[in-house]
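**Q** Handing you this structure, nothing more for now.
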Amino acid sequence: MSQTFFGKVAVANLYIGMIATSPPPTTTRRPVSSEPATPHPPDPAALADALRRVWGYESFRPLQKEAMGRVLHGRDSVVVLPTGGGKSLCFQAPALCLHGMALVVSPLISLMKDQVDALRANGVEAACLNSALAPEERRRVGDQIRRGELKLLYIAPERLLSPGVLDGLARIRVSLVAIDEAHCISAWGHDFRPEYRELRVLRDRFPDVGVHAYTATATEAVRQDIAAQLGLRDPAILVGPFDRPNLRYTVQRSRNRFAQVCEVTDRHPGESGIVYCISRREVERMAAALSDRGLQARPYHAGLSDEERHRNQDAFIRDEARIIVATVAFGMGIDKPDVRYVVHAGLPKSLENFQQESGRAGRDGLPAECCLFWGGGDLFTWRRIIGRSEGDAQEGALRALQAMEAFATSVTCRHQALVEHFGQAWTRASCEACDVCLDTLDLVAEPLILGQKILSCVARLNQRFGADYTAKVLAGSREARILDAGHDQLSTYGLLGDDRPAAIRGWIEQLADQGFLARSDDEYKVLRITPEGRRLLKGEVAPRLLQPPRRGARRPRAASDADAMEGVDPGLFEHLRALRAREAAARNVPAYVVFGDAALLDMARRRPTSPDAFLRVHGVGERKVQDFSDLFTGAIREYCQDHGIETDEEPAPRGEPRPVPMTAPQAFPYFREGRSVEEVAGRLGRAVSTTRGYLDHFIRHERVTDPSPWVDAATVTRIERACEEVGADRLSPIREFLGDETDYNLIRIVASCWRNRRGGP
Ligand code: ADP
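Using the numbering used here, you'd call the opening residue of the sequence shown number 2 and step up by one each time.
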């Protein structure tokens, strides 16, 4: 474990200060686990206090309060929350409010280490015990346990069950037992680990404390199995909402996968992302191609040596590599909160896989996108792989693949489809965060007629040709082989002459995916009309046909991004990110252990210059004020002075517009006359930089659409073109797209006007 932690931690003080209703921990007598862990359950208000003081969070996420309540009262529970739902806090916060040390069983060493790093950065005494520790470190942790210094101990199942360890733990006061990734205990789950079965012994060894199981993926049967296997006593089964509103889903047929992946990475310069491919070979190729493009991409798959896999994973977690290109082998135990996009460059084999893998985006609750690019070839690959298995397994895998395919070809809201697949009701009208709801799907207006035209052509070609050839005949191609065969004489020749052959090919694939056409199994992939296809020709059923999105069409970057950036100074945000990276490197921890993106965004919004104001930042607890307030508030003060930005703002509650400062409206009449920033500054006797801020308020407040009084025409054109390409919600991608040092102030003016014109936020 890393030795370069933040200085001495002070959890004992936090603990005593926080729990007014419970007595301070005894120092004269070593507590034993046969005593009740909490004679009087602590006041639940202590949880909210811990959340605020230790983590800097203002409110609970859905189900957290209920789950924490169970822990405080020592009642067993099984808690199911989606990835990023905040499971860890469900046991970490109560652990601080209870006497003794929480025992957290976790299967992955890397995950343990990250969680312990993050806890210690927040001033919580935590440690881990696993096979990666050197003997002297293990001894040190043992001493801490014996002295009752730890509030949380993370431990691997093998270590916990090795001789003497349970006996040793039974001699100290244990406050609760938490089992992370609990689906590993069930043979019906997707990641069964036999050693987890033996954890049943915990229920008997710690009879007076609650045992709690946490997982992101568990069907009803798996939940019951977890409870039964652990021997839980009358457990509460708590299932949180599965929807992840901050994730935006897009599904597209693959045209050129690499180009499509690059479109996504281009939208996220300098941000972390995961690209999933089906095969190891594709992983290697994609990682190499992205690296050739100057992106820091590393491969990850089961064919690499353990050492290389760890190195690449570590580089990703520490932001030394921005992109990890991986097979499904990657992800379990990665709780990096700031993954801004997950791309599937190929169809996953099930919706369970898709949900879990794409769910690794946006754990911090900030907007993130999940893109799926797929083609008929992926289905073929999976069917071949599934064909090697037998009996029930094969049947189940084929059913899972069909559900995945139906999701990819459907035109219902992606959030709704996922939530309903996992057995929860969908109650919202629109998610506002998927390609279907944001209307970025180009649905063909008359799919029946189009489908009939295509199937007629297949019939006229006597069902003897493949998709490519058929598409070219429909497009009216002058290719020699078509003319030689006399197919230019067919009544369907050139019937879709206004459409590109690639688009026609896409429709043929969709018709095949929806069962109206079948393809021969040989290399020619000859098209044949199925019985369902004949019904289509008779007009009894209609297909759903999508067109490839037009360039520059509205992308699902949507409102949530603009919300996250509301009031944030983008230049300051980048400045703080750089500062965070330096601090993280100096302390040898991942950047998010210092501060998450949500905290940095809030800093760049509030721009605090005092410790008190710093404590009000989301994600800043008391310990981080102690460790970082001087450094960060100093950097903020300096940056704001240099750039003429106001400090110590109190942002409006979410959803409400940013208030206009009292002094700004006096500048509005001048701006209405089209006067320049410098001129207005002179007239009002204010700094140019302050006046720039007034202009920003003026443009938002009056919903100005024309930037020409303040930015020259050529620059406006360039910035607007960038807005068309990368959207106008965030300024840094625009600047990145422009590829030069264009002044952020000019970008802000043009982007605000552009958004006002589009009726955006
Ligand atoms: P899970 O284990 O369920 O995937 P985590 O426990 O890793 O999720 O939490 C995901 C992220 O959300 C972490 O960065 C965590 O600090 C943050 N988080 C958890 N609870 C809250 C909360 N109540 N308010 C704000 N952020 C939270």
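From the three backbone atoms N, C-alpha and C, an ideal C-beta is built for every residue, glycine too.
1. In this structure, does DSSP put Leu-444 in helix, strand or coil?
2. What does a CB cutoff of less than 6 Å around Leu-162 pick up in its chain, not counting 5 residues either side in sequence?
3. Use the C-beta contact count for Asn-589: other C-beta atoms within 10 angstroms, 16 or more gives buried, fewer gives exposed.
4. Quick check for students: name the residue ranges of the alpha helix (DSSP H) that lie wholly in the region 559-604, counting only runs of 4 or more.
5. Tell me whether Thr-84, by its Cβ, gets closer than 8 Å to a heavy atom of the ligand ADP.
6. Could you please give the first and the last residue of the uninterrupted alpha helix (DSSP H) stretch that includes Arg-536?
7. Report buried or exposed for Arg-148, applying the criterion of at least 16 other Cβ atoms within 10 angstroms of its Cβ.
8. Would you give the residue range spanned by the alpha helix (DSSP H) that Thr-471 belongs to?
9. When you compare the CB positions of Ala-94 and Ala-128, do they come within less than 9 Å of one another, or not?
10. For Lys-350, count neighbouring Cβ atoms within 10 angstroms of its own Cβ and tell me buried if that reaches 16, exposed if not.
11. Over the uninterrupted alpha helix (DSSP H) stretch that includes His-644, give me the two end residues.
12. Alpha carbon to alpha carbon, how far is Asp-267 from Ala-714? Give it in angstroms, no decimals.
13. How many angstroms separate the CA atom of Val-340 from the CA atom of Asp-307?
14. Residues bridged to Phe-374 by DSSP?
15. Can you tell me the Cα-Cα spacing of Ser-78 and Pro-532, whole angstroms?
16. For a quick check, are the C-beta atoms of Val-527 and Arg-465 less than 9 Å apart?
17. Skipping 5 residues on each side, what residues in its chain have a beta carbon closer than 7 Å to that of Arg-194?
18. Please give the ranges of any beta strand (DSSP E) in the region 56-134, keeping only runs that are unbroken, at least 3 residues long and fully inside the region.
19. Identify which residue in Leu-151, Ala-237 and Gln-356 has its Cα closest to the Cα of Tyr-215.
20. What does a CB cutoff of less than 6 Å around Pro-300 pick up in its chain, not counting 5 residues either side in sequence?
21. Which value, in whole angstroms, describes the spacing of the CA atoms of Asn-463 and Ile-275?
22. To the nearest angstrom, how far is the alpha carbon of Cys-435 from that of Gly-487?
23. In angstroms, rounded to a whole number, what distance separates the CA positions of Asp-598 and Gly-378?
24. With DSSP collapsed to three states, give me the class of Pro-300.
25. So for Thr-22, helix, strand or coil by DSSP?
26. Where does the unbroken alpha helix (DSSP H) through Ser-733 begin, and where does it stop?
27. Is it true that the CB of Tyr-197 sits closer than 9 Å to the CB of Glu-272?
28. Go ahead and pull the three-state DSSP assignment for Ile-180.
29. Is Cys-458 helix, strand or coil by DSSP?
30. Smallest Cα separation from Ala-322: which of Ala-582, Arg-400, Ile-450 and Glu-742?
31. Given this structure, state the Cα-to-Cα distance separating Val-445 from Leu-547, to the nearest angstrom.
32. With DSSP as the reference, please indicate the residues paired to Tyr-277 in a beta bridge.
33. Cα separation between Val-751 and Gly-645?
34. Does the distance from the C-beta atom of Tyr-58 to that of His-422 stay below 9 Å?
35. Comparing C-alpha positions only, which one of Val-178, Ala-222, Val-223 and Thr-218 sits nearest to Arg-201?
36. Looking at the unbroken alpha helix (DSSP H) that takes in Leu-352, where does it start and where does it end?
**A** In terms of the structure at hand:
1. strand
2. Glu-199
3. exposed
4. 559-566, 571-588 and 592-595
5. yes
6. Counting along the chain, the alpha helix (DSSP H) containing Arg-536 begins and ends at 532-538.
7. exposed
8. 468-476
9. no
10. buried
11. 623-644
12. Here the alpha carbon of Ala-714 sits roughly 26 Å from the alpha carbon of Asp-267.
13. 23 Å
14. Gln-253 and Ala-346
15. 51 Å
16. yes
17. Pro-108 and Cys-185
18. 78-81, 102-106 and 127-130
19. Ala-237
20. Cβ within range, chain order: Val-284, Glu-285, Ala-288 and Val-326.
21. Taking the straight line from one Cα to the other gives about 45 Å.
22. 45 Å
23. 38 Å
24. If DSSP states are grouped into helix, strand and coil, Pro-300 belongs with the strands.
25. Any reading at Thr-22 must be qualified, since the residue scores a pLDDT of 31, below 50, and its modelled position is unreliable; no value is offered.
26. 732-739
27. No.
28. strand
29. helix
30. Comparing Cα positions, the closest option is Ala-582.
31. 6 Å
32. Ala-327 and His-345
33. For Val-751 and Gly-645, the distance between alpha carbons rounds to 19 Å.
34. no
35. Val-178
36. 352-359
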